[in-house]
Each structure stands twice: as structure tokens, then as C-alpha cells.
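In full-length UniProt numbering, the protein residues as written are 1 to 361.
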Ligand SMILES: [Zn+2]
């Protein structure tokens, strides 16, 4: 059983991520709405693999800075090809979080000190909040939350993370921009009977991580009811599927695949998936910062990631042991392994070295 990523695989992963980054300045791909996400996944993964991106990827800086759009009342990140349209709808919450973290990874203190307009960015976040406390990810041309967008725990988490990155720490800091009590009501309304958070009373690993991370940034973890906390821990621990040991989930799971052993799934009766290792481990760490690793089988999840979903030929990680590697699951697989090694702040999904460089907690 192999417990660490060896140097040869690290070099392949870095090349895999670099190939995605090298596509960035191409005009042909200017309309790709996911370009900031790709930059965020690639730069985060490379940094976590031990290659400081602020040294080798400064060529990305101008492009990422150019994604920061200031309108009269709002600011945020959008894809530059849409910049000339000056449409509010092109700025969205995920792009804004990805853009800010990319600039942190690139060590761009000047942007945060001199270019970032916290008032207009805060106004954008504020305007995305709906009366029920949740958030849409973008606004319509009149400056109201888009009716065509979904609103769920992901965007709540992203909104809170962005506010944290622009300096909000206390409840009164956050309350300058958003209705914190409505947001908390919304998050807590997504508790599920069997533990975890999700829509329609169906707990989901990703939503659970988003809810717990948002509560952590808002300093509200102490308000989680004790019995729900216990149920959530139980639900999370049972996301690890295993053919050996004390885990019995596979007996109940018709879709159980023996090759999934050690991996985490995101919902009941689903197959394991690389990204849920991160979402579930992060959730466990938030709820049990000291004891989390005793609740699951850590060597088995390492083994699943390194020997089932890591691609040792071309680099990167795949969703499972069948698919080709992709940049999202590569970043998630590497982040899960680095979470175990305590090298990443899972709540914000930022490498700890970068957190230190920006003096963030
Ligand atoms: Zn996945």
C-alpha cells in the first residue's frame, strides 16, 4: 500500500495542471466561462504540490487582474471577453472567489491594498442575497438577484468566503454587507433528519462542507445543536465505503464497487468519488478538529486516492478509477491529501503557506 505521492507523480501532476494554465491567454478560449475556475484549480494544485506559483506563474497575473471589473455600483470578477459589454450579469460569485484566491496565490498584495474596491465588491455580494437569506450567483441588468439562477448553500458559502477574504471577521463586519441572521436561518433550514445538510432533506457531502465552512467563517459552529452535530458526524463517517473493517455501508449499497474501498461518496447509495474525499474530510475536520482522523480510516482513503484515482501515466486525478483525469478532481484529490497532511485551510480551500503570506487566520 502506497501512502505518499512520489516525486515522479508530483512532476506529472504539475505538468498536467500547467497544460491547463497554458491555455489561459489564448483568444480562442476567451469565451470559456470556466477559465477563472480552471486557473484557480490549476494554481492551487501546483502550489500544494510544492511549486510556489508566485515565482513561476506571474505571466497569469495581468490576465487575472483584468478579470476584476468595476462598474458604477458593483465590482467583482468576470471573464474579460465579456468586459466590453459592461453587463452586470457577467460578474458572478464563483468567478469573484476564484479570482481573489488566484491573486493571493500569485502574491498580489498590491491588488488587495490598492486596486480592490471593498465597498463596491461588498455591494455586489449584498445585492445577491435573497429575502430568504440565501444567495444567487449573479445579478440581472437592473441589479437584482437573477431569477434564472439557482440559490443554494454553495453560493451562501462563496459569499461568506469572499467577505472573509476582504476582511470581515466579526458578525458586525459581515452585517455591513449581508443579513447574517437570515443567512443563518437559511443554512440551518438545510439540516437533514439523518444529519448533514442538503436540499429536500437529502444530505449531500458538498452542501454539508459548504454549510459547515460558512458557519465556521461566521463563528457560528457553537450554535449547531448537539444531536444534529452527532448525526452529521455519523453520516459523514459512513460516507467512507470499505470492503474491510467496521464499515458496513456496502451491505446496504446496491451500487457498491469493491474498487471504491476507502473512498468517500457524497450521498447515500452512491459510488465513491475523489472530490467527496475533500468535502467529507473538510466537514469532519470542522466538526472534530482534534479527533477527526480517528473517526475514519485515513490510510485507506490515501490508498484509494493514490492507487485508484491518481493517474500515474499523464498526471492528474480522475473522479473514480474509470474516468480520465480532469483538473477539478485533480485539485480536489490533491487538496484531500494535503488536508490530511494539514497543509491546506480546508474552510477557505487555500494552502496554509498562502494564508500565512496574507496574514489570514
Ligand atoms: Zn466529483
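Virtual Cβ for every residue (Gly too), placed ideally from N, Cα, C.
Since the model is a prediction, treat every value here as computed from it, not as a measurement.
Can you grab the Cα-Cα spacing for the pair residue i / residue j, in whole Å?
i: residue 291; j: residue 335; result: 19 Å
i: residue 138; j: residue 224; result: 29 Å
i: residue 134; j: residue 313; result: 43 Å
i: residue 105; j: residue 165; result: 13 Å
i: residue 117; j: residue 168; result: 14 Å
i: residue 337; j: residue 301; result: 9 Å
i: residue 35; j: residue 43; result: 12 Å
i: residue 67; j: residue 315; result: 29 Å
i: residue 180; j: residue 11; result: 44 Å
i: residue 132; j: residue 50; result: 42 Å
i: residue 95; j: residue 359; result: 23 Å
i: residue 339; j: residue 73; result: 38 Å
State the DSSP-derived secondary structure class of residue i, mapped to helix, strand or coil.
i: residue 139; result: strand
i: residue 70; result: strand
i: residue 257; result: coil
i: residue 220; result: coil
i: residue 344; result: strand
i: residue 326; result: strand
i: residue 242; result: coil
i: residue 18; result: helix
i: residue 112; result: helix
i: residue 264; result: strand
i: residue 124; result: helix
i: residue 174; result: helix
i: residue 145; result: strand
i: residue 350; result: strand
i: residue 134; result: coil
i: residue 76; result: strand
With residue i and residue j assumed to form a contact (beta carbons below 8 Å), what rounded beta-carbon distance in angstroms separates them?
i: residue 265; j: residue 259; result: Not a contact, Cβ separation roughly 13 Å.
i: residue 21; j: residue 60; result: 6 Å
i: residue 330; j: residue 17; result: 7 Å
i: residue 103; j: residue 160; result: Not confirmed; about 19 Å, so no contact.
i: residue 130; j: residue 151; result: 6 Å
i: residue 210; j: residue 156; result: 7 Å
i: residue 54; j: residue 107; result: 4 Å
Using a Cβ-Cβ distance under 9 Å, would residue i count as near chain D?
i: residue 107; result: In the displayed structure, chain D is absent; only one protein chain is listed.
Can you list every residue whose CB sits closer than 7 Å to some heavy atom of ligand 1, going in chain order? 273, 274, 275, 276, 319, 329 and 332
Okay, do the segment 220-236 and the segment 299-308 touch, 3+ Cβ pairs below 8 Å being the bar? no
Does the count of Cβ pairs from the segment 185-194 and the segment 117-126 closer than 8 Å reach three? no
So, does the segment 139-152 touch the segment 170-177, judging by three or more C-beta pairs under 8 Å? no
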